[in-house]
Amino acid sequence: MNRSRSIAWAAAALLVLAAAKPKDKVADLLWTHPEIARFPVREVALLPVVTFDRNPQAQQIVERSWGQLFSKSGHRWLSATFARERLRAAAGGGDSLLALYQDQVRKAARVDSSFAPELARLLRIRTLLSVRVDSWEKIEVEPTQSGRASTTVWLKAALVDSSGALLWSVSGSERLEGQQYDPTGAVLGMKQSDLAARPIAGAAVKAPAYEEVVAKLLGRWVPLFPPAARDSASTSG
């Protein structure tokens, strides 16, 4: 049943992306609670990154990149690895709580009020951040073709408090291209076929690494994240 629902949600997401997928980078869709000052954000748990196809490479790259780029934001961060281990420990070593969390994020890209209080209690933290990978794609150029290889990543992130109230969300994509490749300009030799001699093309230019694309996308989001609230003790003096 869970697999069937995941497939349905993945199909729905692909339909949305097919209609909206940008040829080039588009403006990030950003929302911040109009009274964000009422919800001081000091400590944040980065929850395990969720993908529709359970892609461990995408999950690891996004989690690692988020941790690196947001480490100097001024917040105290709990890592996705820590959150994953706590959920498994709370479920007696199984993945039932993790699966419940993943189903919520695949469906709505956020944790809602039915689950946020339990997550906050288990992690002993007030603020929870979920990240969903909506597109993870490389287009390579074959050695006999001309063109540009490209890599596209589309992410959505949502920050909620321990009650499940949405405090901040952002969605956006990044697409990087490799160098223009022309097989006629990379001829290494000739190959004799039955009909005629034809050129042997050199290796085509590879698509940019996912790490590079994710870093550029998240780099835009760092200054958009709600600033770290200062402790009352540090503001009184």
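Residues 260 to 496 (the numbering used here) make up the sequence shown, in order. For each residue, glycine too, the CB sits at the ideal point set by N, CA and C.
Exercise. Could you name the residues of the same chain whose beta carbon sits closer than 8 Å to that of residue 350, not counting the 5 residues immediately before and after it, in chain order?
Key: 356 and 357
Practice problem: Check the C-beta distance from residue 370 over to residue 391 and give it rounded, since I have them as a contact under 8 Å. | Solution: Not really, about 11 Å apart at Cβ, beyond 8 Å.
Quiz item: For the putative contact between residue 439 and residue 407, defined by C-beta atoms under 8 Å, what is the C-beta separation to the nearest angstrom?
Solution: 6 Å
Quiz item: Ends of the beta strand (DSSP E) at residue 362?
Solution: Looking at the DSSP string, residue 362 is not in any beta strand (DSSP E); the run it does join, the alpha helix (DSSP H), is 355-367.
Exercise. Could you work out which residue in 300, 394 and 384 is closest to residue 317 when comparing CA atoms only?
Key: 394
Quiz item: Any idea which residues DSSP pairs residue 317 with across the strands?
Solution: In the DSSP output, where bridge partners are listed per residue, residue 317 has none listed.
Self-check item: Distance, residue 413 Cα to residue 437 Cα
Solution: 18 Å
Exercise. Report the rounded CA-to-CA distance for residue 405 versus residue 428, giving the unit in angstroms.
Key: 39 Å
Quiz item: Heavy atom of the ligand NAD less than 7 Å from the Cβ of residue 466, yes or no?
Solution: The ligand NAD is not among the ligands present in this structure, which contains no ligands whatsoever.
Quiz item: Among the residues of its own chain, which have a CB less than 6 Å from the CB of residue 290, if the five just before and after it don't count?
Solution: 428
Quiz item: My guess is that residue 329 and residue 472 are in contact by the Cβ rule of under 8 Å, so how many angstroms apart are they, rounded?
Solution: Their Cβ separation, rounded to whole angstroms, is 17 Å, which puts residue 329 and residue 472 out of contact at 8 Å.
Quiz item: Excluding the five sequence neighbours on either side, which residues of its own chain have a C-beta within less than 8 Å of the C-beta of residue 310, listed in chain order?
Solution: 317, 318, 391, 392 and 395
Quiz prompt | Inter-residue Cα distance where the pair is residue 304 and residue 411 | solution = 26 Å
Quiz item: Using a Cβ-Cβ cut-off of 7 Å (strictly less than) and excluding sequence neighbours within five positions of residue 419, which residues of its own chain qualify?
Solution: 369, 370, 375, 387, 425 and 426
Quiz item: residue 440 bridges to which residues according to DSSP?
Solution: 406
Self-check item: 6 Å CB neighbourhood of residue 269 in its chain, flanking five on each side removed
Solution: Below a pLDDT of 50, predicted positions are generally treated as unreliable, and residue 269, at 43, falls in that range; the measurement from the model is reported next regardless. Counting only Cβ-Cβ distances below 6 Å, and skipping sequence neighbours, we find 311.
Quiz item: Secondary structure at residue 401, three-state DSSP: helix, strand or coil?
Solution: coil
Quiz prompt | From 379, 326, 400 and 431, residue whose alpha carbon lies closest to that of residue 479 | solution = 431
Exercise. Give a yes or no on whether the C-beta atoms belonging to residue 398 and residue 389 are separated by under 8 Å.
Key: no
Quiz item: Under three-state DSSP, which class holds residue 306?
Solution: coil
Quiz item: Is residue 433 helix, strand or coil by DSSP?
Solution: strand
Exercise. Report the three-state DSSP secondary structure of residue 280 (helix, strand or coil).
Key: Caution is warranted here: a pLDDT of 47 is assigned to residue 280, below 50, making its placement in the model unreliable, and the coordinate value is therefore given only provisionally. Coil at residue 280, not helix or strand.
Quiz item: Any idea if residue 415 is buried or exposed, counting beta-carbon neighbours within 10 angstroms, 16 or more meaning buried?
Solution: buried
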